[in-house]
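Read through the structure below, which is laid out as structure tokens, and then see the notes.
Residue numbers (the working numbering): 329 to 779.
Spelled out as structure tokens, the structure:
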């Protein structure tokens, strides 16, 4: 079996950064060697990683690859290329496609599409509706990552707003419930308020200025919905993971006095809410319009602090491509979402230069914690016997993301800039799928398995 030695790297794993080497044998990690120690048996290939960081492959629990049905803007093949180029070796795809992934048949079809087209390892969520909770006990917990619950309307309009349906959902599964929480009632009331302010009558073609997007999808809308989800989870005993926290207020709902393994209720931050603030609408416009909205700077600072102090458990991307033509308009008409997966790790590593995070924290939140939270078999860590999902990172590059976009939509919310961080190589199951800014398009990832 082929053995590859990655030597002289700075290995970031389980809270430490240490010089050393790693041996890949077939699909798995065979050895992790302290600095200066030689492999137990000779290797066929050697890669000198001197000065580079070696981390586990990123596990992105929150992507919208738009496949099937919305493939004019993205598809599994193109977006998984962007993923591996961004150091993401495993993804979990959301159900708001066409058809919606809300039936067992649609779930089976989505998994088959992923097996045919994804360069990264994969799973996908079953989307919850007001009535499909009877399907939950038919799901295979070893292959399905969880149930996605929209407690706020977004792309695909999968809003679940029936109180009885919500009760059935929270009492109906032992799988993790990943929730998008925004109160539609509050959002709609805010929309009507601004329609009146700008004299927009029903049926008019007018729009509300973009600057009001965070006022419409407000702090109150997020907190009220997240509080309801937490109350339901506490009463039912369900495992709840609230996605893309965007407000300081919501952080009151979470705990950091327990290890992740003992938490029933957990939280995710997404890259856009860690990078941007509402002040950036003036510079970036609708390119940074997303749901929940990017809000005032104090929210971003609180979320960053929560990543560091353990109130936030994981970091995802909420990779949600649209064509730039679909991003035209204001708070009502421009579509919400942005392509983030290829450059999320780079953007967050840039924040380590500013002292916002450490690289150890990013590995914990983007690699280790998703593996633990979703109970993924043999991934997310650098350990002998684990799958060789690996990323080599060059910390001394000059990399402009705007010149190397792989997402089908062909844009990024990041501005033109030379980052010193660059993904140098990505291995998926021991296979070198990305190197020297080139993709091996022939490779396909594996279905994730859950304990």
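Glycine included, each C-beta is placed from N, C-alpha and C at the ideal position.
- Buried versus exposed call for residue 584 [16 or more other C-beta atoms within 10 Å across all chains shown]: Looking at its Cβ environment, which holds fewer than 16 other Cβ atoms inside 10 Å, residue 584 is exposed.
| task | Could you pull out every unbroken beta strand (DSSP E) segment of at least 3 residues lying fully inside the stretch 415-484, listed in chain order? | result | Qualifying beta strand (DSSP E) stretches, in chain order: 416-421, 449-452 and 475-479.
Q.
Let's test the definition: count the other Cβ atoms within 10 Å of the Cβ of residue 553 and tell me whether it reaches 16, buried, or not, exposed.
A. The residue is buried, with at least 16 neighbouring Cβ atoms inside 10 Å.
Closer than 8 Å is the cut-off here; do at least three beta carbon pairs connect the stretch 372-381 with the stretch 734-744?
Cβ pair count under 8 Å is below three, so no.
Taking 8 Å as the threshold (beta carbon to beta carbon), is residue 442 in contact with chain C? Given the protein chain composition of this structure (a single chain), no chain C is represented.
- prompt: Straight-line CA distance for residue 417 to residue 356?
  reply: If you take the alpha carbons of residue 417 and residue 356, they lie about 14 Å apart.
- Contacts around residue 522, its chain only, beta-carbon distance under 7 Å, and the 5 residues preceding and following it disregarded: Excluding sequence neighbours, residue 522 sits near 536, 540 and 544.
Compute the Euclidean distance between the alpha carbons of residue 271 and residue 465, then round it to the nearest angstrom. Residue 271 lies beyond the residue range present for the chain, which begins at 329 and ends at 779; the question has no answer from this structure.
Handout entry: Cα-Cα separation between residue 607 and residue 624, rounded to whole angstroms
Key = If you take the alpha carbons of residue 607 and residue 624, they lie about 7 Å apart.
Would residue 479 and residue 428 qualify as a contact pair, given that the criterion is a beta-carbon distance under 8 Å? Cβ distance not < 8 Å, so residue 479 and residue 428 don't count as in contact.
> For residue 541, which three-state DSSP category applies?
Replying inline: In the structure shown, residue 541 sits in a helix (DSSP, three-state: H, G or I).
Margin query: To test your reading of the DSSP string, which unbroken alpha helix (DSSP H) runs of 4 or more residues are found completely within the stretch 647-734?
Written below: Those alpha helix (DSSP H) runs which fall completely within the stretch 647-734 and span 4+ residues are 672-681, 687-691 and 697-701.
Rounded to a whole number of angstroms, what is the C-alpha to C-alpha distance between residue 635 and residue 589? Each residue's Cα considered, the two are about 17 Å apart.
So does the stretch 763-772 actually touch the stretch 689-699, counting three or more Cβ pairs closer than 8 Å?
As far as the Cβ criterion goes, the stretch 763-772 does not touch the stretch 689-699, which means the pair count is below three.
| task | Mind reading off the beta-carbon distance from residue 710 to residue 341? Whole number of angstroms is fine, and I expect it under 8 Å. | result | Between residue 341 and residue 710 the Cβ distance is about 4 Å, and since that is below 8 Å, they are a contact.
Practice problem: Pull up the CB-CB distance for residue 649 and residue 394, whole angstroms please, since I reckon it's below 8 Å. | Solution: About 6 Å; that satisfies the 8 Å criterion.
Looking at residue 758: is its Cβ nearer than 8 Å to the Cβ of residue 354?
Taking 8 Å as the Cβ cut-off, residue 758 and residue 354 qualify as a contacting pair.
| Touching or not, the stretch 398-410 and the stretch 664-674, by the rule of three or more beta carbon pairs under 8 Å? | Touching, per the Cβ criterion.
### Query
When the Cβ atoms of the stretch 556-564 are set against those of the stretch 526-534, are three or more pairs found closer than 8 Å?
For the pair of segments examined, the stretch 556-564 was found not to touch the stretch 526-534: the number of CB pairs separated by less than 8 Å stays below three.
When you compare the CB positions of residue 475 and residue 457, do they come within less than 8 Å of one another, or not? Between residue 475 and residue 457, the gap from beta carbon to beta carbon reaches 8 Å or more.
Requested in this report: Would you check if there are 3 or more beta carbon pairs closer than 8 Å linking the stretch 565-579 to the stretch 491-511?
Outcome: The stretch 565-579 is in contact with the stretch 491-511.
**Three-way DSSP call (helix, strand, coil) for residue 493 in this model** = Three-state DSSP puts residue 493 in a helix.
- Return helix, strand or coil for residue 597, following the three-state DSSP convention. Of the three classes helix, strand and coil, the one that applies to residue 597 here is strand, per DSSP.
Residue 738 by DSSP, collapsed to three states: which one? Coil.
(message) Rounded to the nearest angstrom, what separates residue 639 and residue 686 at their Cα positions?
(response) Their backbone Cα atoms lie some 16 Å apart in a straight line.
Review point. From 704, 651 and 448, pick the residue whose C-alpha is nearest to that of residue 402; which is it?
Key: Comparing C-alpha distances from residue 402 to each of 704, 651 and 448 shows the shortest one belongs to 651.
### Query
Bridge partners of residue 571, per DSSP?
The bridge partners DSSP lists for residue 571 come to none.
message: With H, G and I counted as helix, E and B as strand and the rest as coil, what does DSSP make of residue 769?
response: Correct three-state label for residue 769: coil.
Exercise. Looking only at C-alpha atoms, which of 390, 707 and 334 sits nearest to residue 363?
Worked result: Just measuring C-alpha positions, the residue of 390, 707 and 334 sitting nearest residue 363 is 334.
Anticipated Cβ contact below 8 Å, residue 618 with residue 384, distance rounded: 27 Å between Cβ atoms; not a contact.
For residue 762, which of helix, strand or coil comes out of DSSP? In the three-state reduction of the DSSP assignment, residue 762 falls in the strand class, which pools E and B.
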